[in-house]
Each structure stands twice: as structure tokens, then as C-alpha cells.
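Below is one structure, written out as C-alpha cells, with a few remarks after it.
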Amino acid sequence: MKIMVSACLLGQNCKYNGGNNYSEKVDEYVKGHEVISVCPEVAGGLPTPRTPCEIVNGVVMNRNGENKDKEFRAGAYLVQVDMTGDSYQWHRLDVEIWDDEENYGFATIFED
Ligand code: SF4
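For the sequence shown, the working numbering begins at 1 and goes up steadily by one.
What follows is the structure, given as C-alpha cells:
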């Protein structure tokens, strides 16, 4: 099985603050499979570390009020091309990631 997963969940320091969101559970889940590690924000040309962004009225803005929509769209597009340029059919899995005490939220994993 081929799995596309967020790079920061695998321990790559591509998160906005220069760190990562390493998850042992995700690491375990992908073991033995072909893994495609992606960071759409970096792929779109944003540096690490970077100012955090959020969607404001449908546009991605960073906390300094700068428009980063183009970079986010470019990154999403490039990752999508990685997926669709392949002959695989991808399925999206939303995986809940739990630490012993803290809920890290959801990870999105694409698998063939
Ligand atoms: S874009 Fe994805 S892989 Fe990159 S830092 Fe954000 S959550 Fe992690």
C-alpha cells in the first residue's frame, strides 16, 4: 500500500515554528508501506519557520496580515499533482491522533 502523509507527522521539522508534530501512532501505521511524505506549505514556497496562517473570509492570511493564499494554493496544487500524476486511486482517511494525555487532533492520510 502506498500512503501519502503530512511530513510533520513523520517528524520532519516543517511546521510553522520549525518543529514537528511527530506521531508514534502514525509512524506505526505507515510501517511496511511505501510512504510519500508531503508538506504543502513548504511545497508552496513558504519558509520554515514561518508566521502562522489562517483562512479569513476564504483567503489564507498570516498573523501579520500578509496574504499567503497563493502559496497555500500552489502547495495544495503540487501535492494534488503528486497524487493524480499517479495511476493509483487514493482514498482519504481521517485518523484521530491521541497522545497519552493530549488529543493532537486529526491527521489526513491518503492511501491507494
Ligand atoms: S502543511 Fe501539513 S505537513 Fe506541512 S507543517 Fe502543515 S500540517 Fe505539517
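Glycine included, each C-beta is placed from N, C-alpha and C at the ideal position. Values in this document were obtained by computation on a predicted structure and should not be read as measured data.
Starting from E2, follow its DSSP beta bridges and name the residues at the other end. A small fix is needed here, since residue 2 is Lys in this sequence, not Glu. Its beta-bridge partners are E34.
Does the ligand SF4 have even one heavy atom less than 6 Å from the beta-carbon of P40? Relative to the ligand SF4, the nearest heavy atom lies less than 6 Å away from the CB of P40.
Starting from E66 and walking both ways along the alpha helix (DSSP H), at which residues does that stretch end? Unbroken run through E66: none, as it is neither H nor E.
Nearest CA to the CA of T48: which residue from L10, A7, N17? Of the listed residues, the one whose Cα sits closest to T48 is N17.
Residues in the same chain with beta-carbon distance under 7 Å from V60, minus the five sequence neighbours each way, listed in chain order, please. Closer than 7 Å at Cβ, skipping near neighbours: C53, K68, D69, F72.
Quick one: grab the DSSP three-state call for C14. C14: coil per DSSP, three-state reduction.
Would the beta-carbon of M83 fall within 7 Å of that of V38? It is not a contact, given that the beta carbons lie outside the stated cut-off.
Thinking C-beta only, is V26 closer than 7 Å to L9? Contact check for L9 against V26 passes: the beta carbons are separated by less than 7 Å.
Taking A43 as part of the alpha helix (DSSP H), name the residues at either end of that continuous run. Counting along the chain, the alpha helix (DSSP H) containing A43 begins and ends at 40-43.
Nearest-angstrom Cβ-Cβ length linking G44 and A74, presumed shorter than 8 Å: Their Cβ separation, rounded to whole angstroms, is 4 Å, which keeps G44 and A74 in contact under 8 Å.
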